[in-house]
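Heads up: the sequence shown at position 83 corresponds to 83 in the UniProt record's numbering, and the numbers run straight through without jumps. Glycine included, every Cβ here is placed at the ideal spot set by N, Cα and C. Scroll down for the structure; my scribbles are underneath it.
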Amino acid sequence: MGSHTVKALFLDRDGIVNVDHGYVGRYEDFEYVDGIFSLITRFENAGYKIIIVTNQSGIARGLYSEDDFKALMSAVQQDFYQAGIGEVSVYFCPHHPEHGIGTYKKQCVCRKPNPGMLIQAAEDHSISLPLSIMIGDSWRDIQAGQEVNLSHCYYVSSKAPPPNAELENVTQVTSLNDIPVPSSV
Numbered sequence: 001m002g003s004h005t006v007k008a009l010f011l012d013r014d015g016i017v018n019v020d021h022g023y024v025g026r027y028e029d030f031e032y033v034d035g036i037f038s039l040i041t042r043f044e045n046a047g048y049k050i051i052i053v054t055n056q057s058g059i060a061r062g063l064y065s066e067d068d069f070k071a072l073m074s075a076v077q078q079d080f081y082q083a084g085i086g087e088v089s090v091y092f093c094p095h096h097p098e099h100g101i102g103t104y105k106k107q108c109v110c111r112k113p114n115p116g117m118l119i120q121a122a123e124d125h126s127i128s129l130p131l132s133i134m135i136g137d138s139w140r141d142i143q144a145g146q147e148v149n150l151s152h153c154y155y156v157s158s159k160a161p162p163p164n165a166e167l168e169n170v171t172q173v174t175s176l177n178d179i180p181v182p183s184s185v
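What follows is the structure, encoded as structure tokens:
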């Protein structure tokens with residue numbers, strides 16, 4: 001395994017990239033969160049690889065298919081290209097331990113708070129997890145980032161972190177526009 005030197009910005013999807021309307025599986029229901037394009041552009045310019053890591057229990061529940069999800073994210077990538085943003089990698093977990101249907105019903109390593117998607121992305125893209133950052137609106141996102149020792153996690157929420165939550169290297173913000181871009185080294 002070669003040395004991992006790439007910095008990544010890991011983004012949750014629902015609530016961070018798009019407004020969380022609950023189980024968004026179609027492009028016509030996809031509404032971008034205010035500030036997401038400028039945020040991605042700023043991090044990309046600072047040398048970060050942009051990666052979306054998203055639990056998609058809507059697939060597990062049979063509300064939409066993996067193909068529907070991929071078609072949606074392909075349309076989103078086109079919007080990113082139009083905004084001058086490069087390739088954004090997408091990792092998703094289609095499983096749910098209780099509500100999954102058929103093969104989708106399982107305990108897996110990829111469903112956040114498990115860090116499976118981050119570990120897979122790090123292998124695929126030679127990412128240094130300790131140099132990388134997570135932005136999420138659920139404490140599960142933060143836990144996944146903490147599990148692999150990311151340098152920082154941004155918790156975008158007006159809700160307090162859960163009791164007994166580990167708050168080291170976590171900053172709570174209420175808007176994407178409050179997230180500073182680390183200075184490039």
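Check your understanding: Hey, quick one: how far does the alpha helix (DSSP H) through Lys70 stretch, first residue to last?
Key -> For the purposes of this step, residue 70 is taken as residue 70 along the sequence shown, with counting starting at 1. Lys70 -> alpha helix (DSSP H) spans Glu66 to Gln82.
**Study point:** For Gln107, three-class secondary structure by DSSP
**Key:** Taking the first residue of the sequence shown as 1, we reach residue 107 at position 107. Three-state result, Gln107: coil.
Check your understanding: Asn114: which of His125, Gly47 and Ser138 sits nearest, CA to CA?
Key -> Taking the sequence shown and counting its residues from 1, one reaches residue 114 at position 114. Per the Cα distances, Ser138.
Review point. From this set, His125, Gly136 and Gly84, which residue's C-alpha is nearest Val19's C-alpha?
Key: Counted from its first residue, the sequence shown places residue 19 at position 19. The candidate whose alpha carbon is nearest that of Val19 is Gly136.
Exercise for review: Decide yes or no for the touch test of the segment 80–93 against the segment 146–158: beta carbon pairs closer than 8 Å, at least 3 of them.
Suggested key: no
Exercise for review: Compute the distance between the beta-carbons of Ile52 and Tyr104, then report whether it is under 8 Å.
Suggested key: Within the sequence shown, residue 52 is the residue found at index 52, counting from 1. Within the sequence shown, residue 104 is the residue found at index 104, counting from 1. No. Outside cutoff.
Check your understanding: Is it the case that the CB of Gln56 approaches a heavy atom of the ligand MG more closely than 7 Å?
Key -> Ligands are entirely absent from the displayed structure, and the ligand MG is therefore not among its contents.
Check your understanding: From this set, Phe10, Lys159, Phe43 and Ser3, which residue's C-alpha is nearest Pro180's C-alpha?
Key -> Residue 180 sits at position 180 when you count from the first residue of the sequence shown. Among Phe10, Lys159, Phe43 and Ser3, the Cα nearest to that of Pro180 belongs to Phe43.
Point to revise | Separation of Thr171 from Tyr27, as counted between CA atoms | key: Position 27 of the sequence shown, counted from the first residue, corresponds to residue 27. Position 171 of the sequence shown, counted from the first residue, corresponds to residue 171. C-alpha separation (whole angstroms): 31 Å.
Point to revise | DSSP-derived helix/strand/coil call for Ala160 | key: Along the sequence shown, one-based indexing puts residue 160 at 160. Reduced to three states, the DSSP call for Ala160 is coil.
Point to revise | CA-to-CA distance, Gly47 to Met1, given in whole angstroms | key: Within the sequence shown, the letter at position 1 stands for residue 1. Within the sequence shown, the letter at position 47 stands for residue 47. Because the pLDDT of Met1 is 46, which lies under 50, any placement of that residue in the model is unreliable, and the number read from its coordinates should be weighed accordingly. When rounded, the distance between both Cα atoms is 22 Å.
Review point. If Asp156 sits next to Ile50, beta carbons under 8 Å apart, how far is it from one beta carbon to the other, in whole angstroms?
Key: Stepping through the sequence shown from its first residue, residue 156 is reached at position 156. Stepping through the sequence shown from its first residue, residue 50 is reached at position 50. Note on residue identity: the sequence assigns Val, not Asp, to residue 156. Not a contact, Cβ separation roughly 16 Å.
Point to revise | Run of the alpha helix (DSSP H) containing Thr174, from where it starts to where it stops | key: The count along the sequence shown starts at 1 and reaches residue 174 at position 174. Premise fails: Thr174 is in no alpha helix (DSSP H) and is neither H nor E.
Exercise for review: Counting only the same chain and skipping the five closest in sequence on each side, list residues whose C-beta sits under 6 Å from that of Ser57.
Suggested key: The sequence position of residue 57 within the sequence shown is 57, counting from 1. For Ser57, where only same-chain residues beyond five positions count, the Cβ hits under 6 Å are His96.
Check your understanding: Can you tell me the Cα-Cα spacing of Asp178 and Asn164, whole angstroms?
Key -> Within the sequence shown, the letter at position 178 stands for residue 178. Within the sequence shown, the letter at position 164 stands for residue 164. Using only the alpha carbons, I get a separation of about 25 Å.
Review point. DSSP three-state call for residue 263: helix, strand or coil?
Key: What is shown of the chain runs 1 to 185, which leaves residue 263 out entirely.
Review point. If Gly25 sits next to Leu72, beta carbons under 8 Å apart, how far is it from one beta carbon to the other, in whole angstroms?
Key: Looking up residue 25 in the sequence shown gives position 25. Looking up residue 72 in the sequence shown gives position 72. At roughly 6 Å, the Cβ-Cβ gap stays under 8 Å, so Gly25 and Leu72 are in contact.
Review point. Just reading off the beta strand (DSSP E) that Ser89 is part of, what are its end residues?
Key: As a first step, residue 89 must be located in the sequence shown, where it is residue number 89. From DSSP, the beta strand (DSSP E) with Ser89 extends over Ser89 to Cys93.
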